[in-house]
Amino acid sequence: MRVNLKHWLIRHQIFAIYCSFLLLSFLSLFIVYFRQGHLLVGDDYHFHLNRIAGLAESIKHGIYFPKVNYFFIGGYGYACSLFYPDLYLYFPAILRVCGISLAASFITFAIVINFCTFVITYISGRYMAFSVKKSYLFSLLYTLSIYRLQDLINRQAIGEVLALGFFPLVLASLFAIKNNKRFGWFFLALAMTGIGLAHFISIEMISFFIALYILFQPRQFLKKAQLFSLVKAAILTVLLLNFYLVPILEQMSHTIFKVTAAPLTLISNRSYPLYTLIGNSFINQVFHSQTANIGCPLIVGFFVYLIFIFKKNQNHSLILLTAFLIFMVSDWFPWKWFDNTPLNTIQFPWRLLSVVSLLIAYLIVEDRLAIFKKSASSYYILIFLVFFTVIFYEQYSIGTEQYRLISYEQYDQTHSYFIGAGREYLPKEVNYETIKKTRNRPIIYDSKMISIKKVDKNFSSIKLKYKLQKKNSKTTVTLPFIYYWGYQAKITTPTGTQKQPVTMNKSNGLTQVELKDQGTATIYYESTSLQKISLGITIITVISCLSYGIYFKIHNNEKINY
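Residues in the sequence shown are numbered consecutively from 197, following this note's numbering.
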């Protein structure tokens with residue numbers, strides 16, 4: 197029977213590997229998400245839960261591609277769908293529309309995220325010419341790395357966790373470009389697009405990593421072919437993300453948001469001593485703002501390769517790059533120089549630990565010290581240590597954060613006024629404390645100038661009948677919508693119907709419309725011309741890529757064996 201099972205596994209190797217990934221995706225979350233009807237929640241769970249619930253509500257109201265999410269702020273609306281892409285959230289949102297609870301939708305989503313990260317990392321390992329066994333280990337080391345688990349479990353920073361799933365493909369693509377492999381630039385563009393559709397800050401961070409990766413290996417990259425590949429990847433990425441990037445730039449050109457006017461934090465205030473990072477990694481410390489770490493297996497692996505860096509045939513550039521990134525996480529790095537630069541938008545230096553985890557996983561699996569060749573059992577011992585570390589860390593999290601354990605029923609209770617700690621994408625004019633005190637969302641106007649006879653507040657629009665007190669006069673009415681570029685007013689009067697743009701009330705950051713005479717005004721958000729053009733560019737790019745892929749497949753028989 198053992199022989200038959202062995203033959204079956206060999207014949208169905210990929211299927212067996214993917215089945216094991218699916219099982220591990222579930223088991224790696226069992227301790228924290230399946231505790232007799234309770235689950236452990238993270239720092240950002242309210243915000244991302246609201247994103248899912250809001251997208252589900254938008255779909256129910258026939259708004260399939262929202263820009264402003266009206267579930268937020270009790271109906272005032274928050275443009276999280278514009279600044280945080282919703283693409284991946286459609287999966288849990290559709291589950292919610294189908295009647296599945298928020299808790300079940302999220303847990304299912306988390307399992308799928310784990311599975312996809314396992315698979316992408318495994319495929320990336322194969323693309324970098326690792327054997328099946330090494331690619332499998334690479335996938336385990338990265339997907340089950342402590343920093344990634346901290347992101348998923350303790351922070352529930354869903355956007356960042358989704359982005360981390362594409363980091364291995366970035367590394368594999370850089371490996372391909374360095375070795376002048378065909379289509380390396382294309383895979384890099386796909387990886388960067390996948391990251392951009394998840395988390396904008398991660399795009400900045402991984403772009404910074406790519407720049408460092410090139411600087412640490414100038415001989416391999418400062419060549420015509422490699423530079424041309426990088427340029428092609430950058431252009432394709434911008435074209436694919438056009439529908440997302442252009443609307444953000446358009447909004448920021450019209451409105452000053454809190455993200456730039458009042459940053460959540462200065463990056464120099466968020467670093468911590470190097471010995472703290474190392475110590476916390478050795479003991480797999482539970483995540484807090486000053487305890488982010490990479491876990492025991494990876495920190496031990498890093499020191500092993502650092503100690504033997506001067507040995508022949510070592511991957512010196514990658515070891516030094518990893519050491520430099522670890523140095524950047526610490527307060528030894530002069531972060532104060534970068535407080536008022538684009539790097540400050542990374543917010544937390546320890547976010548670089550995601551890249552550090554990836555690079556150390558690569559160094560261990562690459563095995564320049566031939567540890568796995570000298571001792572075949574070391575491969576299985578390492579896998580055991582990874583599993584043991586995950587179990588230990590999750591039990592440790594439960595033990596130290598009992599207050600974060602809530603029932604599935606509690607998890608389903610949403611609070612729409614949670615919009616993220618920084619409230620980054622509110623106009624700077626908005627006083628959020630005042631907004632929270634006026635939950636009845638009043639319409640503000642001068643009753644001496646205008647009378648409003650009837651008001652219909654719908655999910656995504658407000659309709660009102662009005663009449664000015666004096667003929668040929670005009671006045672402004674402030675609507676309970678947070679202002680974003682794209683709001684329109686459809687004015688119907690006895691002489692006809694016309695559209696007119698609305699403006700921001702500079703005293704409170706809400707939407708205001710100028711009215712005259714009498715009639716009916718309907719205020720709603722409409723995609724701008726630039727948003728429509730940028731979406732068209734993305735669609736044309738996607739169609740072109742698919743067409744070229746089909747053409748290439750028909751005329752070539754090249755195949756990558758995963």
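Note that the Cβ used here is the ideal one computed from N, Cα and C, for glycine as well.
What you are looking at is a predicted structure, and each value in this text was computed from that prediction instead of being measured.
Item to complete: May I ask you to report which of helix, strand or coil DSSP gives S740?
Response: helix
Worksheet entry | DSSP state of Q714 mapped onto helix, strand, coil | strand
Worksheet entry | Contacting residues, own chain, Cβ-Cβ under 7 Å from A457 (five flanking each side not counted) | K624
Discussion item. Please state the DSSP three-state secondary structure of L436.
Written reply: helix
Fill in: Short Cβ contact (9 Å threshold) for L172 with I678
With the chain covering only 197 through 758, there is no way to say anything about residue 172.
Worksheet item: For the segment 529-542 against the segment 394-402, are there 3 or more C-beta pairs whose distance is under 8 Å?
Response: yes
Worksheet item: Which residue's Cα is closest to the Cα of G392: L436, V482 and Q416?
Response: L436
Worksheet item: Is T691 helix, strand or coil by DSSP?
Response: coil
Practice prompt. Determine the burial state of H751: buried for a count of at least 16 other Cβ atoms within 10 Å of its Cβ, exposed for fewer.
Written response: exposed
Worksheet item: Out of curiosity, what's the CA-to-CA distance linking I303 and F230?
Response: 9 Å
Discussion item. Could you compute how far the alpha carbon of N654 sits from the alpha carbon of S553?
Written reply: 47 Å
Fill in: Presumed contact (8 Å Cβ cut-off) between G355 and T313, rounded CB distance
Their Cβ separation, rounded to whole angstroms, is 14 Å, which puts G355 and T313 out of contact at 8 Å.
Discussion item. Once the 5 residues before and after L441 are set aside, which same chain residues still bring their CB inside 8 Å of it?
Written reply: G392, V434 and S730
Discussion item. Report the start-end ranges of each alpha helix (DSSP H) in the segment 310-348 that is 4 residues or longer and not cut off at the edges.
Written reply: 328-339 and 342-345
Item to complete: Could you tell me which uninterrupted alpha helix (DSSP H) segments, each at least 4 residues in length, are contained entirely in the segment 231-289, listed from first to last along the chain?
Response: 241-256 and 276-279
Practice prompt. Within 10 angstroms of the Cβ of P288, are there 16 or more other Cβ atoms? Answer buried if so, exposed if not.
Written response: buried
Item to complete: Could you tell me whether the Cβ atoms of R322 and D282 are closer together than 9 Å?
Response: no
Discussion item. Looking at the strands, I want to know which residues DSSP matches up with S571.
Written reply: According to DSSP, S571 bridges with nothing at all.
Discussion item. Taking the beta strand (DSSP E) that V651 belongs to, which residues open and close that run?
Written reply: I646 to K653
Worksheet item: Excluding sequence positions up to five away, which residues of its chain have a Cβ less than 6 Å from the Cβ of F222?
Response: I307
Discussion item. Measuring only the C-alpha atoms, how far is Q510 from A566?
Written reply: 11 Å
Practice prompt. Look up Q708 in the DSSP assignment and give the residues it is bridged to.
Written response: T674 and T699
Fill in: Touching by the beta-carbon criterion (3+ pairs, under 8 Å), the segment 412-431 and the segment 258-278
no
Worksheet item: Does the segment 586-602 come within contact of the segment 506-522, defined as at least 3 CB pairs closer than 8 Å?
Response: no
Worksheet item: If you draw a straight line from the alpha carbon of L365 to that of P493, how long is it in whole angstroms?
Response: 22 Å
Practice prompt. Please report the Cβ distance between Y720 and F279, rounded to the nearest whole angstrom; I am assuming they are in contact, meaning their Cβ atoms lie under 8 Å.
Written response: The Cβ separation is near 20 Å, so there is no contact.
Worksheet entry | Bridge partner(s) assigned by DSSP for S603 | H234
Worksheet item: What three-state label does DSSP hand F506 in the structure shown?
Response: coil
Worksheet item: Which of helix, strand or coil does DSSP assign to A557?
Response: helix
Worksheet item: Shortest alpha-carbon distance to I213 belongs to which of Y266, Y318 and H244?
Response: Y318
Item to complete: Consult DSSP for F379 and reduce its assignment to one of helix, strand or coil.
Response: coil
Item to complete: Flag this pair as yes or no: are the beta carbons of L675 and M645 separated by less than 9 Å?
Response: no
Worksheet item: By the 10 Å Cβ neighbour count, where 16 or more other Cβ atoms means buried, how is Y576 classified, buried or exposed?
Response: exposed
Discussion item. Measuring only the C-alpha atoms, how far is Q346 from V482?
Written reply: 8 Å
Worksheet item: Is G732 buried or exposed, if buried means 16 or more other CB atoms sit within 10 Å of its CB?
Response: exposed
Item to complete: With a threshold of 16 other CB atoms inside 10 Å of the CB of I756, please say whether the residue is buried or exposed.
Response: With a pLDDT of 49 at I756, under the threshold of 50, the modelled position of this residue cannot be trusted, and the question is left open.
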